[in-house]
Structure formats: structure tokens, C-alpha cells
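K.L.:
Sharing a structure, written as C-alpha cells. Questions coming.
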Amino acid sequence: MCITCRLNNALEACCNFFNNLCPHKRLPTPGSPAPTHADDSCGHKKFWWPAKQTCLPYGGAKHPHPAPSHRHCGRWFYWDKELGCCVPPQPEVIDAECPPEWVWDEYETACIPAPVVPAPEQCGPSMWWWEPKACCLPTGGPSTPPSSPPSEGWSCPYDWYWIPEGYCAPRGPTYDTPVCVETHTWDGDVFYCKPGLHQCRYNLYNKGTNFSKRICALRQHKEYHPHNTPQLASIVDWLSPSQPSRGGRSMTAWTRLVQSKTYFWRDVAVGAAYGTSKAGIGITGLGTFRPELIMKVCH
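This is how it looks when you write it as C-alpha cells:
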């Protein structure tokens, strides 16, 4: 065996047995980040940190700089002045462990003061408490025109507005289910409308449909009409032409007004005596059957 090969084998055996004696060849411990191709370029007593795509010294800096005001590096990280953020002393340390009343901010790569969350009774005059985001909002919306959502195609529902923190908010404490434009879908996890198909689908013959649970929205030519319009549409479910009005109850027990805090839908008319024996949901009123106006029901 060649001398070089023997030396390499001996070095590898050394590293395996005395791991701490060979930091430049240190083997990853369970839970440590996987090595990258850049590890070898870091040199002696340094390791590759993927978060900032740079090499850091093993064991940390001998004389680390203090973090600036409103920044903290927690129990395990330290401030790197050149990078302008908190960094770990070794690759196995992945949590800075911020002190109480501080939270880790991925963008700043540092601990920042935790936001002060007001209590509902602390909302000032002309403000109201919004429970989903645990914050106070101005009644009627902001006094200045709100900014637009970012360019990813997001949008806010009708009568909602964009908040710079990254979500849409209603203008008052009494609001109904948010409705997006036809080309977007409401995402209740992030509180804005995303591009994509509406969460409802056309359903003309859904046997056994639970009316109260499956009704989603009634749309007519994509037109929305303001609150208090006198022209309302009544939604009715039925079984077959032999029971078009459920024994005279179609306009009472089986009727639901399409009513919202922000708008109504109007003037949609589909004959209740639709020619099918399967259960379905339709719209009654003046006019004739128009399939394109059949309402949508949720999946």
C-alpha cells in the first residue's frame, strides 16, 4: 500500500476514534446539520452555516461584540458584527433560546422584543377588538387609504383592507364570511384571498344535500349589490316536480334569504319545479329556469 494511502487511512481512523481532535474532519452528531459541499472550503476550525451561507469559527468568537439595542442573541448565540446578526458557536446549536419577553425573528436572525398584545378592554376610542389576531382595529377602517397587498396576486375580500403586518382585516366588529373575487379563494389561515378556483363547485343534483351546511354562495353574473337593496333572492331546496314547494312550505321553513352584512344578491330566478327526481338546491322567484344561475354549494 502506498505511503499516502496509509496516511489517509490513519488520519481517518484518528478522526473516527478521536473526533474532537480533528475539528476540520469532525463527524456530524445526531441532530446536527448535514454537511454541504462548502464545508471543505471553510478551513481549519471553522464550519459552514447554511442560514447565512458562510463559514463560522468553531467555539465562537473569542471576543464577541455586544448585540445592538432591541436585539438579543439569547443564551447560546452571539452577535457577529460583520454579518449584523446572531450566529451559533457550532453547527449543533440550532436554538438561540431567547430570554423571556423576547422572540426569535428569522428575518433579523436575532431575538427581538416580543410584541405587546393589548387586552380587549385596552382598545381606545373608535377602536374595536378583533379576536382572530388579538389586536385593536379602527372602526370603519384606517383614516388613510390602506396599502395594497404584495405583488403575489393576493387580494382582500370585499369591504376588508390590507394591513402591513401581512393580512386582511374587516372594517368593523360585525362582519360576515369573507367573499373573494371570482378568481380568488379565501384562506382563513393567512387571512387573505389567494389566486385560484373558488372553494365551491356547481352542484345541481346532489342527493341528500344538507341545505344549512352546504350552502355556500349565490352569484349572479358576478354582480354584488349593496346592503339594504329591496331586491332579494330566496333559496329553496326541493325533491322533485311532484313536490316543488314541499307542501306549501317552500317560502317558509325551506326558504333562506341570501343575506349578508355587506351585500345581497338579487333578481335570480329558477323554477322550483325542476325536472329531476334527484334532490337538489335551486332558486325560486319570478322567471324561468336558467342553469347558469344555479347557486354554488361547497364541496
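Going by the numbering used here, the first residue of the sequence shown is number 11, and it counts up by one from there. C-beta atoms are modelled at their ideal positions from N, C-alpha and C, and glycine is treated no differently. Computed from a prediction, not measured in an experiment: that's the story for all the values here.
So which of Lys91, Lys143, Ala106 and Val126 has the shortest CA-CA distance to Asp199?
P.N.:
Within the sequence shown, the letter at position 189 stands for residue 199. Among Lys91, Lys143, Ala106 and Val126, the Cα nearest to that of Asp199 is on Lys143.
K.L.:
Pull the bridge partners of Pro109 from the DSSP assignment, please.
P.N.:
Locating residue 109 in the sequence shown gives position 99, where the first residue counts as 1. Bridge partners of Pro109: none, in fact.
K.L.:
With DSSP as the reference, identify every bridge partner of Phe201, one or two as the case may be.
P.N.:
Counting from 1 along the sequence shown, the entry for residue 201 is found at position 191. In the DSSP output, where bridge partners are listed per residue, Phe201 has none listed.
K.L.:
Let me confirm a value: His194 is counted as buried when at least 16 other C-beta atoms fall within 10 Å, else exposed. Which label applies?
P.N.:
Counting from 1 along the sequence shown, the entry for residue 194 is found at position 184. His194 should be labelled buried.
K.L.:
Does DSSP classify Lys56 as helix, strand or coil?
P.N.:
Here residue 56 refers to the residue found at position 46 of the sequence shown. Strand at Lys56.
K.L.:
Would you kindly work out how many angstroms separate the C-alpha atoms of Gly53 and Pro130, rounded to a whole number?
P.N.:
Here residue 53 refers to the residue found at position 43 when the sequence shown is read from its first residue. Here residue 130 refers to the residue found at position 120 when the sequence shown is read from its first residue. Near 55 Å, if we compare the C-alpha coordinates of Pro130 and Gly53.
K.L.:
I need the DSSP call for Cys130, collapsed to helix, strand or coil.
P.N.:
Along the sequence shown, one-based indexing puts residue 130 at 120. Reading off the sequence, residue 130 comes out as Pro, not Cys. Of the three classes helix, strand and coil, the one that applies to Pro130 here is helix, per DSSP.
K.L.:
With which residues is Thr64 paired in a DSSP beta bridge?
P.N.:
Along the sequence shown, one-based indexing puts residue 64 at 54. Answer is Trp59, bridged to Thr64.
K.L.:
How far does the beta strand (DSSP E) with Pro180 in it reach, from first residue to last?
P.N.:
Counting from one through the sequence shown, the residue named residue 180 turns up at place 170. Unbroken beta strand (DSSP E) run through Pro180: Tyr177 to Pro180.
K.L.:
Drop a sphere of 10 angstroms on the beta-carbon of Pro109, count the other beta-carbons inside from all chains shown, and report buried for 16 or more, exposed for fewer.
P.N.:
The residue given as residue 109 occupies position 99 in the sequence shown. When all chains shown are included, Pro109 counts as exposed.
K.L.:
For Glu92 and Glu116, what's the separation of their Cα atoms in angstroms?
P.N.:
Numbered from its first residue, the sequence shown carries residue 92 at position 82. Numbered from its first residue, the sequence shown carries residue 116 at position 106. So the two alpha carbons sit approximately 18 Å from each other.
K.L.:
Using a 10 Å radius around the Cβ and a threshold of 16 neighbouring Cβ atoms, would you call Ile104 buried or exposed?
P.N.:
Position 94 of the sequence shown, counted from the start, is the residue given in the question as residue 104. Ile104 is exposed by the Cβ-count criterion.
K.L.:
Please look up how many angstroms separate the CB atoms of Cys96 and Tyr88, rounded, as I've assumed it's under 8 Å.
P.N.:
Position 86 of the sequence shown, counted from the first residue, corresponds to residue 96. Position 78 of the sequence shown, counted from the first residue, corresponds to residue 88. Going by Cβ atoms, the distance from Cys96 to Tyr88 rounds to 7 Å, so yes, they are a contact pair.
K.L.:
Per the DSSP calculation, Tyr171 is bridged to which residue(s)?
P.N.:
Sequence index remark: in the sequence shown, residue 171 carries index 161 (1-based). Paired residues: Ala179.
K.L.:
Does Phe221 come out as helix, strand or coil in the three-state DSSP assignment?
P.N.:
For this step, residue 221 is matched to residue 211 along the sequence shown. Confidence is the limiting factor: at Phe221 the pLDDT is only 38, short of 50, which leaves the residue's position unreliable and the question unanswerable from this model.
K.L.:
Grab the span of the beta strand (DSSP E) containing Ala120 for me, first residue to last.
P.N.:
Working through the sequence shown from its first residue, we reach residue 120 at position 110. Run containing Ala120: Ala120 to Pro123, per the beta strand (DSSP E) assignment.
K.L.:
Going by C-alpha distance, which of Lys56, Glu107 and Tyr202 is nearest Ile122?
P.N.:
Along the sequence shown, read from residue 1 onward, the residue named residue 122 stands at position 112. Residue Glu107 is the option with its Cα nearest to Ile122.
K.L.:
Apply the 10 Å Cβ neighbour rule to Cys178 and answer buried if 16 or more other Cβ atoms are within range, or exposed otherwise.
P.N.:
The residue given as residue 178 occupies position 168 in the sequence shown. When all chains shown are included, Cys178 counts as buried.
K.L.:
Kindly indicate which residue of Tyr171, Cys146 and Gly150 has the alpha-carbon position closest to the one of Ser7.
P.N.:
Not covered by the structure: residue 7. The range shown for the chain is 11 to 309.
K.L.:
Buried or exposed: Ser79, going by 16 or more other Cβ atoms within 10 Å of its Cβ?
P.N.:
Numbered from its first residue, the sequence shown carries residue 79 at position 69. It is exposed - the Cβ of Ser79 has fewer than 16 other Cβ atoms within 10 Å.
K.L.:
Taking 9 Å as the cut-off, decide whether the C-beta atoms of Gly134 and Trp112 are in contact.
P.N.:
Along the sequence shown, one-based indexing puts residue 134 at 124. Along the sequence shown, one-based indexing puts residue 112 at 102. Against a cut-off of 9 Å, the Cβ pair of Trp112 and Gly134 comes out as no contact.
K.L.:
Can you say whether Pro101 is buried or exposed, counting buried as having 16 or more other CB atoms within 10 angstroms of its CB?
P.N.:
Residue 101 sits at position 91 when you count from the first residue of the sequence shown. When all chains shown are included, Pro101 counts as buried.
K.L.:
DSSP three-state label for Pro74, please.
P.N.:
Working through the sequence shown from its first residue, we reach residue 74 at position 64. It is coil, neither helix nor strand.
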